[in-house]
Amino acid sequence: MRHLLSAADLDAAGTTSLLDLGEEMALVQGRPVKKLPALRGRTIVNLFFEDSTRTRSSFELAGKWLSADVINISAKGSSVSKGESLRDTVLTVASMGVDAMVVRHMASGAPLQAARWFADLGLGVHVVNAGDGTHEHPTQALLDAFTLRRHFRAQEDGRPEDPQAPFAGRRIAVVGDITHSRVARSNVLLLATLGAQVVLVAPPTLLPAGVDGWPVEVRDDLDAVLGEVDAVMMLRVQRERMSGGYFPTPREYTVGYGLTRARLGLLRPGAAICHPGPMNRGLEISADAADSAGSLILDQVAAGVAVRMSVLYQLLGGADESGALR
Ligand code: CP
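Residues 1 to 326 (the UniProt record's numbering) are what the sequence shown spells out, left to right.
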């Protein structure tokens, strides 16, 4: 793997080996001394043009726990605020001799563009997409798969796991603002790769053009779907990306598509509740749901570090083709 730009870059075997490696990384995460020497001497730059809590801090911890040198650059406080272009910024940073660049940008395609500029100039910098506009967030999909795989394995429902399709027979609802969600796009791709049936649940105004061609079922009645799924992934309503009236009022959105306390009773026993964060409590998810026994939201956050360690390790030469540690 040269870069990780899209969940489409990963096949089932590659995903499984990243998740398996993530399990080994999670053991390090649980130790009092969280350090592996694997990436000693390697340099990683986290280049964030858009705000982040989870992704930026987990990539920083992941790099540091693998002994890489890690620096963080935000648009605010960098020469971007003086008008420096994306191209000049990424090439400036790359020219310092970095090994990997983790890029978050408000424009869809920015990490891919950076990877192309590096290739044009013969720079061997690995690029990781840490969320680009409404396009993709592949490491979020990986950490969601990691979290759900653990959850499904812990369920004693006797279903054997097919290594080629570990989520075969699993039905997962992705609910809410699909239009603006890079998390939804990456999850649809990765969950389909892993063999899951994905059900998108949203008002028609929050479904993107072209969704008919996605490997999903589309529904608009959340109450009817909740009893049919093994997991429900609630999406943040991205009001900062909305210019028009996608729904009449926040209250009406919650009535139709929020995971309210009343709706918790419609879920199957053992169904998982996920949210990529940050949450709008009281809008797409109630505090009762977010803090319920079925909520995996903090497990997702913890998985973010282990999975990002796995991705960095694989990209920067710490693992062989099978993903085995060496
Ligand atoms: N899920 C996610 O990408 O969160 P942050 O914006 O806090 O990184």
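The beta-carbon is built from N, C-alpha and C at its ideal position, and this holds for glycine as well.
| task | Compare the Cα-Cα distances from Gly176 to each of Phe247, Ala141, Asp132 and report the closest residue. | result | Phe247
| request: For my contact list, Val90 and Trp117 are in at a C-beta cut-off of 8 Å; report their separation, rounded to the angstrom. | output: 6 Å
| query | Closest to Val93 by CA distance: which of Ser67, His105, Val125, Arg104 is it? | reply | Val125
| request: Would you please state the rounded distance, in angstroms, between the beta carbons of Leu11 and Thr43? I believe it to be under 8 Å. | output: Note that residue 11 corresponds to Asp in the displayed sequence, not to Leu. Going by Cβ atoms, the distance from Asp11 to Thr43 rounds to 29 Å, so no, they are not a contact pair.
| request: Give every residue of the same chain whose Cβ lies closer than 6 Å to the Cβ of Leu200, excluding the five residues on either side of it in the sequence, and list them in chain order. | output: Val174, Ile178, Val216, Val218
| said: Tell me which residues share the same chain as Leu267 and place their Cβ nearer than 6 Å to its Cβ, disregarding the 5 neighbours each side in the sequence. | reply: Leu226
| field | Three-state secondary structure assigned by DSSP to Gly131 | value | strand
| Test item: CB-CB of Gly169 and Arg159 under 8 Å | yes
| message | Using a strict less-than 7 Å threshold between each residue's beta carbon and the heavy atoms of the ligand CP, what residues do you get? | response | Asp51, Ser52, Thr53, Arg54, Thr55, Arg56, Gly131, His137, Gln140, Val183, Pro276, Gly277, Pro278
| task | Put Ile178 into one of helix, strand or coil per three-state DSSP. | result | coil
| said: Measuring CB atoms only, is the segment 278-292 touching the segment 254-261, in the sense that at least three cross pairs come out at less than 8 Å? | reply: yes
| query | By Cβ distance below 7 Å, which residues in the same chain neighbour residue 333 in space, the five residues on each side in sequence not counted? | reply | Outside the shown range of the chain (1 to 326) lies residue 333, about which nothing can therefore be said.
| request: Starting from His105, follow the beta strand (DSSP E) in both directions and report where the run begins and ends. | output: 100-105
| Per DSSP, the bridge partner or partners of Phe48 | Ser74, Arg104
| message | Just to confirm, is the Cβ distance from Asp230 to Ala271 under 8 Å? | response | yes
| query | Using the C-alpha atoms, what's the distance from Ile297 back to Gly277? | reply | 8 Å
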